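Okay, structure first, notes after.
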Amino acid sequence: MFSRVLIANRGEIALRIIRACHELGVEAVVVHSEADRGAAYLESADGAICIGPAAAGKSYLNIPAIISAAEIADVDAIHPGYGFLAENAHFAEVCNECGITFIGPEPASMRQLGDKVAARNLAKKARVPCVPGSEGEIKDEAEAIKLANKIGYPIILKAAAGGGGRGMRVAHNDISLRKAFAAAKTEAEAAFKNGTLYLEKFILEPRHVEVQVMADKSGNAIHFYERDCTIQRRHQKLIEESPCPVLDEKTREELCKAALRLIKEAKYHNAATCEFLLDRDKNYYFIEVNTRIQVEHPVSELVTGQDLIKWQLKIASGQTLDLRQRDIRHSGCAMECRINAEDPARGFAPNPGRVQKFIVPGGPGVRVDTHMYQGAVISPYYDSMIAKLIVHQPTREETIATMKRALREFKIEPIKTTIPAHIKILSHSLFAKGTVDTSFIERHMGA
Ligand code: ADP
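Shown next as structure tokens:
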């Protein structure tokens, strides 16, 4: 095992990694920006190094500054968390070249799976069903229109380098496709410096279901079952749960096995998530792989009793997965609500500022992953997610009841948060029945 790890991230995930390191007897040093100076979670670390100004480009995305910090701290490895540099293959390469282990996959598999077109091709090779669509890049509008007419509208244009729901546009006919093509390309170029687009059939009323996978460097891979992340706002996840409430045992097993085939085909190691869409007839289609630990990983931790961050550290340090698939049991139901500092009354605009009251829920079945506290300042520079409220109970009904109780206990003032929106969603009869699709918020939550 490593003796010291650098955490190239901030906030709740930095704290989550510090905790895993300490439980494994590993020292954790955290980098931080000037905006995060004095943040409480830094006190839990064994060292904190300021790497630059608030703007992420000058700090959390500043590779030379992070590598210098790693050298000063004399660490063996770097954990990138999620976001920032977590899926940056160049960063992983630089770490390896400097003799520092990158806690994640090889840069080559990150590159291959990070390109959604290449990932689709790999999935096909591994006999994993993909959404019907283009074989590769769609070069121009004419090609898009030809293919859209062949597979049938509606279609969705997506960025090969896409993430965070950006660079995606739905089109229902040739006219809207022309407009969508230009808009998606411009957005992809601006967001990812890569305007490569591909096209998929737009699956109607889908659910988003993903499989958590972990693989070691010797080629052993196991899954930690699925998470259902259908409750989304503008293609961004808001609530995640496991098990998926509508999946039958047979489909679930097939889905998990498909994810493992793909990961093995990619000769992948460390944590990955294979994302799928489930259509109304319960057919599943691969959409993408995330080559990092995800925000919603605690959901899988609670239903399996495994610590995924510790597994990341163990695998990166060369240990083998000394677990068999049958050792991973799924128990009960877990659900996560993302608590974002956003104002629902202003179109969910970020709502930074000083937190004057912060009362965290607790009690049976409740886990809260957060770096916030009374008096803390929510910075306008970074993601608006300030806490994850995760509940685990024997049944889905009990999980929803505990989650509602915990949401009501959670007091964050005067900042506007997604807590009232979560209570509204959890109180909706369709959510209780589990019969939702990815358009639920737009269709049923109104303004
Ligand atoms: P990103 O990497 O930007 O998050 P994804 O490919 O993971 O993009 O898709 C994000 C969400 O967009 C999905 O969870 C789903 O709600 C929607 N989506 C993506 N592809 C399709 C599709 N072919 N049909 C319907 N919805 C889709």
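Each residue of the sequence shown is one higher than the one before, counting from 1 in this note's numbering.
Backbone N, C-alpha and C define an ideal beta-carbon position, used for all residues, glycine too.
Because the structure is a prediction, the values reported are computed rather than measured.
Contact check between the region 262 to 273 and the region 167 to 184: fewer than three CB pairs, one atom from each, fall below 8 Å, which does not count as touching.
Boundaries of the alpha helix (DSSP H) harbouring Cys21: Gly11 to Glu23, taken from the DSSP string. Following the DSSP letters along the chain, one finds Arg346 in no alpha helix (DSSP H), marked with neither H nor E. With 16 or more other Cβ atoms from the protein chains shown falling within 10 Å of its own Cβ, Cys274 counts as buried.
Inside the region 351 to 403, DSSP marks no whole alpha helix (DSSP H) run of 4 or more residues. Within 8 Å of the C-beta of Ile287 there is at least one heavy atom belonging to the ligand ADP. For His208, DSSP records a beta bridge to Leu277. No heavy atom of the ligand ADP is found nearer than 8 Å to the CB of Arg367. Of the residues His422, Ile386 and Thr417, the one whose Cα lies closest to the Cα of Ile400 is His422.
Distance from the CA of Lys146 to the CA of Val170, rounded to the nearest whole angstrom, comes to 16 Å. Straight-line measurement puts the Cα of Val436 at about 21 Å from the Cα of Ile155.
Counting only residues of its own chain and dropping the five nearest sequence neighbours on each side, Phe91 has a CB closer than 6 Å to the CB of Ile63 and Leu85. Taking a cut-off of 8 Å for Cβ pairs, the region 121 to 137 and the region 282 to 296 touch, as three or more such pairs fall below it. By the neighbour-count criterion, in which 16 or more other beta carbons inside 10 Å mark a residue as buried, Leu6 falls on the buried side. Look at Cys98: its beta carbon is at least 8 Å from all of the heavy atoms in the ligand ADP. Inclusion of Ile309 and Arg19 in the CB contact set at 9 Å is warranted, their separation being smaller than that value. For the 9 Å CB-CB criterion, Ala160 and Ala188 form a contact. Between Ala148 and Met214, the gap from beta carbon to beta carbon reaches 9 Å or more. The ligand ADP has no heavy atom closer than 8 Å to the beta-carbon of Leu247. Bounds of the beta strand (DSSP E) holding Phe286 are Tyr284 to Asn290. Between Glu210 and Thr438, the gap from beta carbon to beta carbon reaches 9 Å or more. For Ser300, the uninterrupted alpha helix (DSSP H) segment begins and ends at His297 to Thr304. Within the region 144 to 194, the complete beta strand (DSSP E) segments at least 3 residues long are 155 to 159 and 169 to 171, listed from N- to C-terminus. Each of Thr395, His392, Ser427 and Ala54 was checked against the Cα of Arg408, and the nearest Cα belongs to Ser427. Remark: the shortest separation between the CB of Pro206 and any heavy atom of the ligand ADP falls under 8 Å.
Listed in chain order, the non-local C-beta contacts of Arg233 below 6 Å within the same chain comprise Ile441, local neighbours out to five positions each way being set aside.
If you draw a 10 Å sphere on the C-beta of Tyr225, you find 16 or more other C-beta atoms in it, and that means buried.
In chain order, Val131, Gly133 and Ile156 place their CB closer than 6 Å to the CB of Glu200, counting only its own chain and leaving out the 5 sequence neighbours on each side. Taking all protein chains shown into account, His172 has fewer than 16 neighbouring C-beta atoms within 10 Å of its C-beta and is therefore exposed. Sixteen is the threshold: since fewer than 16 other Cβ atoms of the shown chains lie within 10 Å of the Cβ of Asn96, the residue is exposed. Shown here for Cys256: same chain residues with a beta carbon closer than 6 Å to its own, the five before and five after excluded, namely Val211 and His223 in chain order. Here the region 372 to 382 does not lie against the region 293 to 302, with fewer than 3 beta-carbon pairs under 8 Å apart.
Taking C-beta atoms as the reference points, Ile103 and Ile66 fail to come closer than 9 Å. Per DSSP, Ser33 is one residue of the beta strand (DSSP E) stretching across Glu27 to Ser33. Taking a cut-off of 8 Å for Cβ pairs, the region 99 to 115 and the region 31 to 41 do not touch, as fewer than three such pairs fall below it. Sequence-distant partners of Cys98 (beyond 5 residues in either direction) whose C-beta falls short of 8 Å from its own C-beta, in its chain, are Ile67, Ala70 and Glu71.
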